[in-house]
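Notes for the one structure printed next.
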Amino acid sequence: ATGSSEVQKVQKHHAEFLDLRGKSISSIPKSIGECTHLERINASDNNITKIPPQIGALTNLQRLNLFNNKITQLPPEINHCTQLVELNVSVNKIKELPRGYGCLNKISFLDLSSNNLKEIGSQIGMLTTLKEFYCSFNEIKVLPPEIGNCTLLEKLSISNNLLKKVPHEVAKLDLLNTLNVSANKLRYLPPDLGNMPALENLDISSNPVCKEIDHYARKGKKALKQYIASEGYEEFYYDHA
Numbered sequence: 399a400t401g402s403s404e405v406q407k408v409q410k411h412h413a414e415f416l417d418l419r420g421k422s423i424s425s426i427p428k429s430i431g432e433c434t435h436l437e438r439i440n441a442s443d444n445n446i447t448k449i450p451p452q453i454g455a456l457t458n459l460q461r462l463n464l465f466n467n468k469i470t471q472l473p474p475e476i477n478h479c480t481q482l483v484e485l486n487v488s489v490n491k492i493k494e495l496p497r498g499y500g501c502l503n504k505i506s507f508l509d510l511s512s513n514n515l516k517e518i519g520s521q522i523g524m525l526t527t528l529k530e531f532y533c534s535f536n537e538i539k540v541l542p543p544e545i546g547n548c549t550l551l552e553k554l555s556i557s558n559n560l561l562k563k564v565p566h567e568v569a570k571l572d573l574l575n576t577l578n579v580s581a582n583k584l585r586y587l588p589p590d591l592g593n594m595p596a597l598e599n600l601d602i603s604s605n606p607v608c609k610e611i612d613h614y615a616r617k618g619k620k621a622l623k624q625y626i627a628s629e630g631y632e633e634f635y636y637d638h639a
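For any residue, its number in our numbering is found by taking its place in the sequence shown, counting from 1, and adding 398.
Below, the structure is given as structure tokens:
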């Protein structure tokens with residue numbers, strides 16, 4: 399099954415929404431490229447293994463949901479979908495992001511969780527309209543410092559990865575309300591995190607943090623934030639980290 403009948407209907411009626419949710423399809427037909435009026439595609443909960451390069455012709459596409467499929471890579475042509483505001487490719491088998499994905503500079507919601515990603519790359523810093531970024535349950539070792547350019551970011555979750563440190567640049571994110579870095583390999587946190595004005599939800603659980611951080615983390619989020627912001631911790635951090 400490829401969902402070609404649904405695509406034909408969309409083409410015929412110049413529809414803006416293509417709904418392929420849970421249709422047991424294993425691929426998306428190439429004819430998708432002719433549906434240039436499409437603004438929304440939901441193809442979640444299928445067995446799709448790859449996305450045809452023709453997706454790049456959908457220059458009006460704003461929302462693309464490919465949650466829970468078997469996709470191993472995204473075609474570089476997806477970078478032509480420059481009107482994309484929401485992209486959900488969580489629960490797939492994606493190993494790397496397409497080169498040049500920084501072109502998607504209108505995106506505000508990006509979910510890459512539960513894939514096989516080893517890196518995000520510096521292009522993340524080009525997504526300056528990003529408000530929510532999820533990339534938990536991958537094999538990511540580094541959160542690029544360029545994340546500091548995503549100044550509209552409100553929610554950042556990169557739990558269950560292999561991070562050894564949180565870059566200082568995260569502290570530039572004045573609107574960040576939620577930061578989940580649980581289940582990584584973090585020993586220390588940059589002192590500037592303690593001064594982030596909007597940060598209310600900081601989850602550092604299941605990390606091999608130093609005993610000082612652990613002590614304050616047990617007292618609650620407020621105590622932890624105050625400790626990280628203290629001069630004592632700053633000295634300690636620069637001596638050890």
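Quick reminder that beta carbons are idealized off the backbone N, C-alpha and C, glycines included. Note that the structure is predicted; figures quoted are calculated from it, not measured.
- One thing to note: residue 404 has its Cβ no nearer than 8 Å to the Cβ of residue 438.
- Closest by C-alpha distance to residue 591, out of 557, 571, 514, is 571.
- Residue 625: member of the alpha helix (DSSP H) spanning 619–627, first to last residue.
- In the DSSP secondary-structure assignment, residue 417 is bridged to 440.
- Cα atoms of residue 535 and residue 583: separation of roughly 13 Å, rounded to the nearest angstrom.
- Short of 6 Å from the beta carbon of residue 467, and not among the five residues preceding or following it, lie these beta carbons of its own chain, in chain order: 444, 446, 490.
- For residue 530, there is no enclosing alpha helix (DSSP H); the enclosing beta strand (DSSP E) covers residues 530–532.
- Here DSSP, grouped into helix, strand and coil, assigns residue 462 to strand.
- Beyond the five residues adjoining it in sequence on each side, residue 626 comes within less than 7 Å, by CB distance, of 587, 589, 591, 592 in the same chain, given in chain order.
- Under the Cβ criterion (8 Å, minimum of three pairs), the stretch 460–478 does not count as touching the stretch 518–534.
- In the DSSP assignment, the residues bridged to residue 601 are 578.
- Around the CB of residue 609, fewer than 16 other CB atoms lie within 10 Å, so the residue is classed as exposed.
- With respect to the 8 Å criterion, residue 528 and residue 505 are classified as neighbours on the basis of their beta carbons.
- Going by beta carbons, residue 449 and residue 469 fall inside the 8 Å limit.
- Counted as a single uninterrupted DSSP element, the stretch harbouring residue 504 is not any alpha helix (DSSP H), since DSSP gives it neither H nor E.
- Collapsing the DSSP output to three states places residue 485 in a strand.
- Residue 555 has 532, 578 as its beta-bridge partners, per DSSP.
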